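If you're matching them up, the sequences are chains A and B in order. The numbering used here applies: residue 6 is where the first sequence begins, and numbers increase by one. The numbering used here applies: residue 152 is where the second sequence begins, and numbers increase by one. For each residue, glycine too, the CB sits at the ideal point set by N, CA and C. Computed from a predicted structure; not experimentally measured. Step one of this worksheet: look at the structure below.
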Amino acid sequence: MTALSHLQSVLEQGHFAVTAEIGPPMSANVNLIRQKAGYYNGYVDAANITDNQSAVVCMSSIATAAIVQQEGVETVFQMTCRDRNRIALQSDILGAAGLGLKNLLCLSGDHQSFGNDPQAKNVYDLDSIQLIHTVKGMRDDKRFINGKEIKTEPQVFIGAAAHPFAQPTELYLISMGKKIAAGAQFFQTQAIFDVEGFGNWMKAVRGMGYHKQTYILAGIIPIKTARSLKIMNDTVAGIRIPPDLIKRMDSADNQEEEGMRITLEIIEAVRKIDGVAGIHLMPVSSEQITPAVVERAGLYPRPQVEVQ
Amino acid sequence: MIVGQEKPVTELLDMIKPYKRVLVLGCGTCTTVSLAGGQKEAEFMSALIKLNAAKTGQDVTATTETVKRQCEWEFLDDIADLIEQADAVLSFACGVGIQAIAERYPDKVVLPGVNTKFMGMPIETGVFQVRCAGCGNCILDKRGGICPIARCSKSLLNGPCGGAEDGKCEVNPEIDCAWYLIYNRLKAIGRLDDMKQFFEPKDWSYGRDGGARKLRKEGIAL
């Protein structure tokens, strides 16, 4: 019988889940990781550990995740297809399982042109859908891609990314359906600022019946300042920020508090949408604000579940 | 066709510095069509070499010739005398032509005048775009005749990444998202179901990853 992760148990027992991102350090600073894990302890069901996000070299997601788990916080380790071929990916999946990591988010990865090493060669031996399929095959069929048997299979809860605002919707829904068919058990979406747009997307998702086949965690970037909001709007692919929201931040006396209020309003709104199984916070190097967001959103304390 | 781009003149002048007699050799096929290394470009480079020599007092002579295709030895054999007389050949062919000279004339210095960019085609006057990555095992039947290996910045085989916006690639808004093109085309030809199919990890061994490639045509090769 499959050993469930804590996150999977929370979702399967019907609780509204909370995950939040931790960015590994751009150094070998372990204390920084322990500090960030400390912020999250008790406030999230699992912490996502990014994999050289924006194609910037950081400590490896698996190593960081193992350290975070030493601090008592379960992790979702992220894995992109940009930097490793199928040999390295499968090897790392086994290694991660050996270190006790139980949740994996499969991603294509930001193109290397975004980072500090635009001269790098990318790999993309597999795409994210093939990676999902590979992990499922390793776990359920006990087989590597090449068909060879795995005696002790990795136990992983498999996640994928969803893109509520990417157009045309139909194209991205086809991709989402392929991810589910390949083995994705949960989705973490790109950041939501336009709640109405997200609601429309969820309606389309429900139309496909995807919400019944998988858990959808709504992506939330806690808002800090009007400036950061504008930068995101202009530079981050797939993020759409309603002009009214920027205006509201611009005219606020206390931007930090206004940002928090808007963040909480977005969380409140997405919680009410049928088919949303949880939230995924992406505090973008401001991990310390996660506990306040979770607490003020009424999502603290986190459920204690019995893990099978 | 193979699309080339002339190397910067300063780089070429620097490259030919050690040599007194330079043959600037244009190629009459791909680099002619891609406006990078035909007779016109070769003659222009020759003139620049002479001009630079006059200016700097360097002792260098440049001769110009253009052959039909540098990538076939029979065309190179026609100008064996010219090649023999030169200290170095500045080839305006693609990487294939440059190597063909090096192989046919083992003791001759061959220099690249052109950067070989990609296999592609002109999409408007003076604008060329990649079309094929030479993967060795064509998948265009299931992708609506549009290649994601060559045209998606991540060579994704099953669908788009999350970075595209309004049909444009996250790498550069001047690049069309290949999956957006594939989706529209499959829709237009009534084969959107092709997109819904799961494509297994590709066997890259038919391409460069299988090692240096050689093709033997059975019944023709001796």
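So with CB distances below 8 Å, who are the chain B contacts of residue 129/A?
The contacting residues are 305, 306, 307.
According to DSSP, is residue 364/A part of a helix, a strand, or is it coil?
Any question about residue 364/A goes unanswered here, given that chain A covers just 6 to 313.
Helix or strand or just coil, what does DSSP make of residue 268/B?
Reduced to three states, the DSSP call for residue 268/B is strand.
Given that residue 195/A touches chain B, what residues does it touch there, using C-beta distances under 8 Å?
Ordered by position in chain B, the residues that pass the 8 Å Cβ test against residue 195/A are 313.
Within 7 Å of any Cβ in chain A, is that where the Cβ of residue 334/B sits?
So yes, residue 334/B belongs to the interface.
Does any residue of chain B bring its CB to less than 7 Å from the CB of residue 60/A?
So no, residue 60/A is outside the interface.
Starting from residue 37/A, trace the alpha helix (DSSP H) both ways and give me its first and last residue.
Residue 37/A -> alpha helix (DSSP H) spans 35-45.
Could you list the residues in the region 342-354 of chain B with a C-beta less than 9 Å from some C-beta on chain A, going in chain order?
Taking 9 Å as the Cβ-Cβ cut-off against chain A, the residues of the region 342-354 of chain B that qualify are 343, 346, 347, 348, 349, 350, 351, 352, 353.
Rank 268/A, 177/A, 90/A, 303/A by C-alpha distance to the C-alpha of residue 227/A and give the top, closest one.
The candidate whose alpha carbon is nearest that of residue 227/A is 268/A.
Applying the 10 Å Cβ sphere with the 16-neighbour rule, what's the burial state of residue 6/A?
Annotation note: pLDDT 43 at residue 6/A (below 50); position unreliable, coordinate value reported separately. When all chains shown are included, residue 6/A counts as exposed.
I want to verify the contact list: residues of chain A whose CB lies under 7 Å from the CB of residue 224/B, in sequence order.
Near residue 224/B there are no residues of chain A at all, since even the closest Cβ is about 33 Å away, more than 7 Å.
Grab the span of the alpha helix (DSSP H) containing residue 334/B for me, first residue to last.
329-339 is the span of the alpha helix (DSSP H), which, as asked, contains residue 334/B.
So, helix, strand or coil for residue 325/B, using DSSP?
Here residue 325/B sits in coil by DSSP.
Quick check on the DSSP output: the alpha helix (DSSP H) that includes residue 112/A runs from which residue to which?
Where residue 112/A is concerned, there is no enclosing alpha helix (DSSP H), although the beta strand (DSSP E) it sits in stretches over 108-112.
Using the DSSP secondary-structure output, state which residues sit across from residue 53/A in a beta bridge.
Bridge partners of residue 53/A: 26/A, 81/A.
From the DSSP output, which residues share a beta bridge with residue 163/A?
Answer is 109/A, bridged to residue 163/A.
Is the Cβ-Cβ distance between residue 81/A and residue 46/A less than 7 Å?
Going by C-beta atoms, residue 81/A is not nearer than 7 Å to residue 46/A.
Find the residues of chain A that neighbour residue 317/B, judging by a C-beta separation of less than 7 Å, and give them in chain order.
Those within 7 Å of residue 317/B in chain A are 172.
In or out: residue 206/A buried (at least 16 other Cβ within 10 Å) or exposed?
Buried, since its Cβ has 16 or more Cβ neighbours within 10 Å.
Judging by CA-CA distance, which residue of 204/A, 258/A, 263/A, 192/A is the nearest neighbour of residue 22/A?
Of 204/A, 258/A, 263/A, 192/A, the residue nearest in Cα terms is 192/A.
In whole angstroms, what separates the C-alpha of residue 155/B from that of residue 177/A?
So the two alpha carbons sit approximately 36 Å from each other.
Can you tell me where the beta strand (DSSP E) with residue 246/B in it begins and where it stops?
From DSSP, residue 246/B is part of no beta strand (DSSP E) but of the alpha helix (DSSP H) over 246-255.
Looking at residue 190/A and residue 162/A, is the spacing between their C-beta atoms short of 7 Å?
The answer is yes: Cβ separation under 7 Å.
Is it true that the region 226-242 of chain A meets the region 152-169 of chain A, where meeting means three or more beta-carbon pairs spaced less than 8 Å apart?
At 8 Å Cβ cutoff, the stretches do not touch.
Distance check for residue 274/B and residue 153/B, CA to CA, integer angstroms please.
Using only the alpha carbons, I get a separation of about 14 Å.
Are the region 359-366 of chain B and the region 301-321 of chain B touching, with three or more C-beta to C-beta distances below 8 Å?
With a cut-off of 8 Å, the region 301-321 of chain B and the region 359-366 of chain B do not count as touching, because too few Cβ pairs lie within range.
Using DSSP bridges, identify the partner residues of residue 175/B.
Paired residues: 215/B, 241/B.
Might you give, ordered along the chain, the residues of its own chain that have their beta carbon closer than 7 Å to the beta carbon of residue 329/B, omitting 5 neighbours on each side?
Once the five neighbours on either side are set aside, the close Cβ partners of residue 329/B are 297, 299, 302, 303.
Does residue 283/B come out as helix, strand or coil in the three-state DSSP assignment?
If DSSP states are grouped into helix, strand and coil, residue 283/B belongs with the strands.
To be precise: take each residue of the region 219-250 of chain B, compare its Cβ to all Cβ atoms of chain A, and keep it if any distance is under 7 Å. Which residues remain?
So the list is empty, because no residue satisfies the distance condition.
Nearest to residue 159/B by alpha carbon, out of 265/B, 284/B, 212/B?
Selected option, being the one with the closest Cα: 265/B.
Contact check, residue 173/B vs residue 239/B under 8 Å by CB: the rounded distance?
Contact holds; Cβ gap of about 5 Å.
Where residue 290/A and residue 27/A are concerned, what is the direct C-alpha to C-alpha distance, given to the nearest angstrom?
Computed Cα separation, rounded: 8 Å.
Check the C-beta distance from residue 220/A over to residue 16/A and give it rounded, since I have them as a contact under 8 Å.
Right, their Cβ atoms sit about 5 Å apart.
Using only CA atoms, which one of 112/A, 50/A, 119/A, 129/A lies nearest to residue 353/B?
The option with the nearest alpha carbon to residue 353/B is 129/A.
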